[in-house]
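Visitor: Provided herewith is a single structure, encoded as structure tokens, for subsequent inquiry.
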Amino acid sequence: MPDEPTTAARVVLFSREGCHLCADARAVVAAEATLAGTTWREVDVDRDVEPGRDLGELSELVPVVEVDGVRQGYWRIESARLRRALAAR
């Protein structure tokens with residue numbers, strides 16, 4: 001389960017309700033974050049507000065995954081790429 005929005009998470013999954021690729025991405029993010037022992041959270045691009053950020057840019061790309069604010073993928077999220085990004089600290 002993702003952390004609460006108030007937690008500073010290393011991994012952010014941008015998604016939307018009814019997105020079948022988002023469900024796949026959620027499973028990848030949850031597994032890789034658990035393996036890395038790090039936090040993650042999910043942001044609904046249609047409902048949530050990210051201070052200082054226009055989520056409209058991500059609307060056509062969901063799901064989108066960022067690690068430490070850097071985009072690591074969109075549409076189909078790759079476990080290996082996410083794992084490398086989490087290891088590179």
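Mapping to UniProt numbering: the sequence shown position 68 is 68, numbers consecutive. From the three backbone atoms N, C-alpha and C, an ideal C-beta is built for every residue, glycine too.
(1) I need the DSSP call for L58, collapsed to helix, strand or coil.
(2) Contact defined as beta carbons within less than 8 Å: I believe A33 pairs with W40. What is the distance between those atoms, to the nearest angstrom?
(3) How would you call A27, buried or exposed, if buried means at least 16 neighbouring beta carbons within 10 angstroms?
(4) Count the other CB atoms within 10 Å of the CB of P51; is the residue buried (16 or more) or exposed (fewer)?
(5) Quick check on the burial criterion: 16 or more other C-beta atoms within 10 angstroms. Buried or exposed for M1?
Guide: Quick look at the numbers:
(1) helix
(2) The C-beta separation of A33 from W40 comes to about 4 Å, placing the pair in contact by the 8 Å criterion.
(3) The residue in question, A27, is exposed, as its Cβ has fewer than 16 Cβ neighbours within 10 Å.
(4) exposed
(5) Legend: pLDDT at M1 = 47, less than 50; position of this residue unreliable, no value from coordinates given.
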